[in-house]
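Protein chains in written order, with the working numbering: chain A, 20 to 365; chain B, 20 to 365; chain C, 20 to 365; chain D, 20 to 365.
Ideal Cβ placement from N, Cα and C applies to all residues, glycine included.
Protein chains: 4
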Amino acid sequence: MIRAGIIGATGYAGNEIVRLLLGHKETEIVWYGSRSYIDKPYADVYRNFFKLVDARCMDDNMEALSKEADVIFTATPQGLCASLVNEEILSGTKVIDLSADFRIKDVAKYEKWYGIEHKTPQYVKEAVYGLPEIYREDIKKARLIANPGCYPTCSTLSIYPLLKEGLIDPHTIIIDAKSGTSGAGRGAKVDNLFCEVNESIKAYGVAGHRHTPEIEDQLSYACGQEVLISFTPHLVPMNRGILVTAYASLTEGATEEKLRAAYKKYYKDENFVRVLPPDVCPQTKWVEGSNYVDVNFKIDGRTNRVIMMGAIDNLVKGAAGQAVQNMNLLFGLPEDEGLRTVPMYP
Amino acid sequence: MIRAGIIGATGYAGNEIVRLLLGHKETEIVWYGSRSYIDKPYADVYRNFFKLVDARCMDDNMEALSKEADVIFTATPQGLCASLVNEEILSGTKVIDLSADFRIKDVAKYEKWYGIEHKTPQYVKEAVYGLPEIYREDIKKARLIANPGCYPTCSTLSIYPLLKEGLIDPHTIIIDAKSGTSGAGRGAKVDNLFCEVNESIKAYGVAGHRHTPEIEDQLSYACGQEVLISFTPHLVPMNRGILVTAYASLTEGATEEKLRAAYKKYYKDENFVRVLPPDVCPQTKWVEGSNYVDVNFKIDGRTNRVIMMGAIDNLVKGAAGQAVQNMNLLFGLPEDEGLRTVPMYP
Amino acid sequence: MIRAGIIGATGYAGNEIVRLLLGHKETEIVWYGSRSYIDKPYADVYRNFFKLVDARCMDDNMEALSKEADVIFTATPQGLCASLVNEEILSGTKVIDLSADFRIKDVAKYEKWYGIEHKTPQYVKEAVYGLPEIYREDIKKARLIANPGCYPTCSTLSIYPLLKEGLIDPHTIIIDAKSGTSGAGRGAKVDNLFCEVNESIKAYGVAGHRHTPEIEDQLSYACGQEVLISFTPHLVPMNRGILVTAYASLTEGATEEKLRAAYKKYYKDENFVRVLPPDVCPQTKWVEGSNYVDVNFKIDGRTNRVIMMGAIDNLVKGAAGQAVQNMNLLFGLPEDEGLRTVPMYP
Amino acid sequence: MIRAGIIGATGYAGNEIVRLLLGHKETEIVWYGSRSYIDKPYADVYRNFFKLVDARCMDDNMEALSKEADVIFTATPQGLCASLVNEEILSGTKVIDLSADFRIKDVAKYEKWYGIEHKTPQYVKEAVYGLPEIYREDIKKARLIANPGCYPTCSTLSIYPLLKEGLIDPHTIIIDAKSGTSGAGRGAKVDNLFCEVNESIKAYGVAGHRHTPEIEDQLSYACGQEVLISFTPHLVPMNRGILVTAYASLTEGATEEKLRAAYKKYYKDENFVRVLPPDVCPQTKWVEGSNYVDVNFKIDGRTNRVIMMGAIDNLVKGAAGQAVQNMNLLFGLPEDEGLRTVPMYP
């Protein structure tokens, strides 16, 4: 059995890691870390786990934890993982960091967008970006995984095949994304109260959201040149789900057939990516609770653009599910172990 | 492998049976019956099953199906199962009927409340009411299961221990129930449109809902005398979940301690019933997607009443999950096979 | 023009008073009191008022305010109004208190249920309970109005006619109430986050909610004897609305006809009470944004009980609208001035 | 008093016209037309109007109606108004058509996008596009108003100043729009059931939505050249509201200052357009129930694009409210008569 520890177990992503690992045959959770709820029974914080989890919350001591765990998930605010990780920890334990600390290879860029100093830049290079559909082989050999952000996961997987195949112009990419409210976390803020979010929609972080450089990096790698995008996230009155609607101009000679072939080329063997039939638009509910990414595209012949669409559950493929997928790769397990949950509808 | 057929596979309950059976190790689905969508790929009706289900919808031919299936689930409107079932079918196949056709032992009562003639009253007596927490042993030996209604499941399990132990007065029971909208089915009706349900709550079927006699029967069996109740269901703007708030007067000598002991007596070994700690009220979200029933009670010393509360996912423990639980009992499988899904939160 | 000041203008009830007074022809708002947002433009706190309100938030100085205002609304936590009010203020200004401070005539009972000491018990007796449908004439002459709670308003008006006419047994009253989330206020609490409330329903404050004694007082006055009730509120995933479902046993000789006559007797001239046609159940959405109370009842002949139902918008008739209605009575204005808003649907 | 008739009074837009006209001082409704509910009391179809509207639904006889009404609103499916209108009607009555029949000046284009033959092309030229912020003077003199679509209203007003002033490149405009579900109408369709819409978001009509040519026409008029846009609408789980997020490349020399000046130039005297302060993003809830359009923009210096945002209530400024605004202009009334409703929050 793999012994797993979770630092930040009482956030929504941490809670989702617990849900998924309880259905994972090869893992036991040995540490429910939560600075805010130390000593409180975990099932008192999330009563869905009543009778399923007996443990109490523990502190965030990563070094102590590394002695007891084979893998550590850090589902914590930016900066924490980078401030705790060290050689001793990494030499004995795999670390899957759900924060942004190790996602961006250019430390200066990270520090600028996140407004914090990176405490352990020496590990940035070795960290592997945990998007298995692109970096599977590297992930298998890693000891430190930078688990991708929710928007970057959905955006990258929606756009990747067309960009990689040169079918869209990298300078024309616009990503309009919509997220459920669990993405905003469980912090007690007026802006996230039921009555503030319900029956409304708004953009936020316009032209400045921190996931922008992460998406740009991945898209740049895909096409071999620097890509700048416009990225606008929106808050939607629903619990879970991210929908990405991305726009780009087609390059010369791009046809419906070639576009479909591109998606097929990269995803035909991907278990968790579902390329929908023509004219079927992804809906977040169709993937709810699962690790699937549903993608599709539509050519707008009048404007010579393509609209690329993708849907994920932000807490699963956008966070905890992808983390478990990475763990499976790290430990040589079937990639879908613990992730065979069928989307729940309605 | 148990071969399962579903008649009425394209309703919400049928769809949920599919979701659960896809995670069931000992079952394969051989028949997706749907009068409305014959020949259409099932995954076109419910796209959550894209890449998971290849089959097409078939007609509702129960006799043909009985040749190919070990168990048939009928998730159909009242009257259909009763009109199709016969000795040949029952002699070769187990039938789990999710409609009300075989729940009420008094055929005249059934016909009065449902306003239809019962076509096969000869099977009413043998049919076993599929509430495992009360009728487990009978279920194991049955060939025809009357799978309980959603409200009756939640109501009965919330009240049963106190009534059985004589701790509440059977003549004072009032059940105020609240249900998510999936309970209203997938029929195209104005009343169930998003804009009609959202941001509103209402009672319906007041003093006349068809689940009333079913609940009364179960409560009557529990206390050995005829029980009449007031039952008021309400429609709540959420997809899933039933919450029951039930009221009754305490009998002489009933104490907090005795009440808690009663719940413990009946449920301490029940896997799917969770008696919450004192002062914690059930919430439907804590059981969402799972087969759990969360129950609790609170004494109101000022009025000498007890408030009994219960929460289920109406599509799982209130329909499909309980049906699978019954199937497991019928075939000698672990009762929780396919039902270990952890409640999803948020 | 009546000059109105609001203490606690940045809570949901305060915000609703502003909305209603902006449509009131005889009033101008002279003071937007808010301890939390002093000096901040009010329209920055509630952007619905952008271009409509230029004022900035001010402190909660009731004495200063009383010099400038003809009427003061206190939409503040329990205890504040009682701690601020004095003879000087009351002699020059009308005070409409939306908190519970002056609703309960028995000070000891108030102190017990609310757990705080009453600072100005000398005004409890003179304060008039601001339910115009029952106390209209007293309200007109008052200087201090105890504006009723949201649950008590809906509960009392739903039950009053039958109790007053002796058609129901006072010892059998059970009130099961359901409220939208704005009733929980705008405080930043985890329990009221979108993801915690959405897609769920729960009871809270079972057998101990503070509105219980207030309802009991009103029902006791109606029937001339002490009434104890069971009162259970529930939190519903919607912004606005309260639905009350109340149960009671009928007294000897009570008939459908007599019950209907009772409602007609008390409400036929009441502008804001709408007795729905037989068999139509109130829905909260049908009154949303308006000052209406929709009520109806249904006899359950099998159990000799009646189910009484009522729906209000908790922020209007349950708080701000009723406060404006009281203001109109205090100043001799048409009772519906500023309250002619038609319910918004959907 | 202006006598108003409504054809299609039982759709959501028709219902909203009724709500607004009940608060309009100079209008009485003389005809509640509804093919589906003839002879049924209107308040039985929309119970929010109980005690407010006594009338019964009538048929859709526009000619009969034109004898009794000074103004006719047609809130009906495409094609109906065009098939009914004639010289006799227009010579005696003002017609405000909420369908698309007279919005597009190129009849062939209309017929292609809507797939129907235009029955009265002779009136297309004279019809005035009822967007008062742009065509106010023409509206005053019109007898046939083509009331704009919901998406076109919000899109056009969000983009107009920058395009008109040459600050954005017309060939780069992408409009990503999000709408509440009332925009889908009150028809009984599975896709619009609560459980299908709730907790999900999807794009629809991608690269083919019928509002595309209407928006393109208006934008083309603004900049004096043919504009083609990418327009993608999305369905959001909320009742009301449209949010537009529009993207375009800035032209040489465009600065934050110039952009803000452009909005100010066109909207500084517009009562119903609120240009929000810098960095405040429009939210649909802030305009709910009102005729306001909240707009703002944000420059993305890294990509040289501007993100333009706009929010309306789709049933008010996007349909009924704008229709009433047009009526006011047609009859020389204050433009905001009946439209002073303050946005309702929350």
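Taking the CA atoms as reference points, B:R162 sits about 9 Å from B:V90.
Approximately 45 Å separates the beta-carbon atoms of D:A273 and D:L212; this is outside 8 Å, ruling out the contact.
In the structure shown, A:D89 adopts coil according to DSSP, grouped into three states. Residues are counted here when their Cβ sits less than 9 Å from a Cβ of chain A; for the segment 162-189 of chain D the count is zero. Residues of the segment 274-306 of chain D with a C-beta less than 8 Å from any C-beta of chain C: R293, L295, V299, Q302, K304, W305, V306, listed in chain order.
For D:T322, the chain A residues whose Cβ falls inside 8 Å of its Cβ are L247, I248, S249, in order along the chain. With contacts defined by Cβ atoms closer than 8 Å, C:E45 and C:L352 form a contacting pair.
Against C:N258, the close residues of chain B are E218, in the order they occur along the chain (beta-carbon pairs closer than 7 Å). With contacts defined as CB atoms closer than 8 Å, A:P252 and A:Y179 fail to qualify as a contacting pair.
Residue contact check for C:N105 against chain D: no CB pair falls below 8 Å. Annotation: the continuous beta strand (DSSP E) that includes A:F250 extends over 249-254.
In the DSSP assignment, D:V263 is bridged to D:A196, D:G329.
The continuous stretches of beta strand (DSSP E) do not include C:D236, which lies in the alpha helix (DSSP H) extending over residues 230-242. What B:R205 touches in chain D, judged by beta-carbon distance under 9 Å, is V209, L212, C214, E215, going in chain order. Within 9 Å of the CB of B:T264, the CB atoms of chain C belong to D195, A222, V225, T251, H253, in sequence order along the chain. With respect to chain C, the C-beta atom of D:S201 has a partner C-beta closer than 8 Å.
Residue range 340-349 is occupied by the alpha helix (DSSP H) that includes A:V343. Look at D:R155 here: in three-state DSSP terms it is helix. Within 10 angstroms of the beta-carbon of B:E136 lie fewer than 16 other beta-carbons, which makes it exposed. Contact annotation: the segment 49-58 of chain B does not touch the segment 284-299 of chain A, with fewer than three C-beta pairs closer than 8 Å. Counted as a single uninterrupted DSSP element, the alpha helix (DSSP H) harbouring D:Y286 occupies residues 275-286. For A:I326, a Cβ of chain D is located within less than 8 Å of the residue's own Cβ. Under the Cβ distance rule, C:G42 counts among the residues neighbouring chain D, one pair being separated by less than 8 Å.
Spanning the alpha carbons of C:L182 and C:R155 requires a straight line of approximately 19 Å. A:L40 and C:I220 have their C-alpha atoms spaced approximately 27 Å apart. Just measuring C-alpha positions, the residue of D:H230, D:V225, D:S201 sitting nearest A:E218 is D:S201. When beta bridges are read from the DSSP output, C:R293 appears opposite C:D313.
With 16 or more neighbouring CB atoms inside 10 Å of its own CB, D:G27 falls in the buried class. For D:K160 and D:N345, the gap between their C-alpha atoms comes out near 11 Å. Annotated three-state conformation of B:R38 is helix, per DSSP.
Between C:V263 and C:S177 the beta-carbon gap is near 5 Å, inside 8 Å, which marks them as a contact.
DSSP lists C:G24 as the beta-bridge partner residues of C:W50. Inclusion of A:V209 and C:A207 in the CB contact set at 8 Å is warranted, their separation being smaller than that value. Scanning its chain for C-beta atoms nearer than 8 Å, with the 5 sequence neighbours on each side dropped, one finds around A:I108 the residues M81, E82, S85, I91, V114, in chain order. By the C-beta criterion, the segment 247-261 of chain B is judged to be in contact with the segment 299-308 of chain B, since at least 3 inter-stretch pairs fall below 8 Å. No residue range can be given for C:D298, since it is assigned to no beta strand (DSSP E) and is classified by DSSP as neither H nor E.
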